[in-house]
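The working numbering applies: residue 1323 is where the sequence shown begins, and numbers increase by one.
Using N, Cα and C, we set each Cβ at its ideal position, and we do this for glycine too.
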Amino acid sequence: MPNTSPEKKEFRSLVLGLKALNPSWSASQISTFLRQSENPPLLKSRQLLTKVKRTLTRNTIDDRQRPGRPITISTPIFQQQVKTSMRLKRGASIRNVTANLNKNGTRCSTYTVYKAARKLKLKWFKTRKSQKLSYQNKIDRVDCAKRLRSKFGVSRNAKNWKWDRVVNTDFSGVFTLQPFQNKRNDGIWAEENESIPSSLINAPTDKFKK
């Protein structure tokens, strides 16, 4: 049932109450009584009369039932489902969220999910590139560099210079290549950019996966 504003309910209750107290009153008499009251409605005489007639004909304070297909996007339950599935989640694209909702029994389209996201004031923020090395990785690299300098020397004139016998490699052990991923599609849905944690908005990349 549609939500009726308090002002409309108050006006309709007053009209129906006057009719119940005075069954012989017509719509014009009720309209005249309202215009002569201490707080008359801010309507013209004909507008007020039309509104009173409509209220007496319908004999209810609720709005008329909306025609057509049932409302889906405006329901609080559906909006909450979309918000739970999209807000601050990785891989929460419109297509993925729509597929998951349909899989769980909520029939909807990509356009419906998009409209719900916009109604919730959710915005799409693209992830940004960031450094993959952690603080511990940096400490380990500095420690390794110090040990290599002390073991193989720093300059060619050093007694322990052995860098001409060392082969540098970028990786060791068995590795597998990761499949290509379109980073342009990576993003996070949120109300504002400041509300996204750095762990979600930053997108470090691994060249190889051991």
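Check: Note down, in chain order, each residue of its chain lying with its Cβ closer than 6 angstroms to the Cβ of Met1323, except the 5 sequence neighbours on either side.; Outcome: Unreliable positioning characterises Met1323 in this predicted model, as indicated by a pLDDT of 46, which lies under 50. A coordinate reading is not provided.
Check: Should Trp1483 go down as buried or exposed, given a rule of 16 or more other Cβ atoms within 10 Å for buried?; Outcome: exposed
Check: Nearest CA to the CA of Lys1373: which residue from Lys1425, Leu1338, Lys1460?; Outcome: Leu1338
Check: Give the straight-line distance between the Cα atoms of Ser1350 and Leu1371, rounded to the nearest whole angstrom.; Outcome: 6 angstroms
Check: With H, G and I counted as helix, E and B as strand and the rest as coil, what does DSSP make of Leu1522?; Outcome: helix
Check: Given a threshold of 16 other Cβ atoms within 10 Å of its Cβ, counted over all protein chains shown, does Arg1429 qualify as buried or as exposed?; Outcome: exposed
Check: So, is Gly1509 buried or exposed, given that buried needs 16 or more other C-beta atoms within 10 angstroms?; Outcome: buried
Check: Given that a residue counts as buried once 16 or more other Cβ atoms are within 10 Å of its Cβ, and exposed if not, what is Leu1356?; Outcome: buried
Check: Between Ala1525 and Ser1456, which are expected to be in contact by the criterion C-beta below 8 angstroms, what is the C-beta distance as a whole number of angstroms?; Outcome: Not a contact, Cβ separation roughly 15 angstroms.
Check: Under the assumption that Gln1403 contacts Leu1423 (Cβ atoms under 8 angstroms), give the Cβ distance between them as a whole number of angstroms.; Outcome: 6 angstroms
Check: Does the Cβ of Asn1511 have 16 or more other Cβ atoms within 10 Å, making it buried, or fewer, making it exposed?; Outcome: First, the amino acid is wrong: residue 1511 is Trp here, not Asn. When all chains shown are included, Trp1511 counts as buried.
Check: Here's the rule: buried if 16 or more other CB atoms are within 10 angstroms of the residue's CB, otherwise exposed. What is Ser1407?; Outcome: buried
Check: Reducing DSSP to helix, strand and coil, say where Leu1423 ends up.; Outcome: helix
Check: Exposed or buried, what is Lys1341 when buried is set at 16 or more other beta-carbons lying within 10 Å of its beta-carbon?; Outcome: buried
Check: Less than 8 angstroms between C-beta atoms, sequence neighbours within five positions excluded: which residues of the same chain meet that for Ser1517?; Outcome: Leu1410
Check: Under the DSSP definition of a beta bridge, which residues are partnered with Ile1510?; Outcome: Phe1447
Check: DSSP state of Arg1412, grouped into three classes?; Outcome: coil
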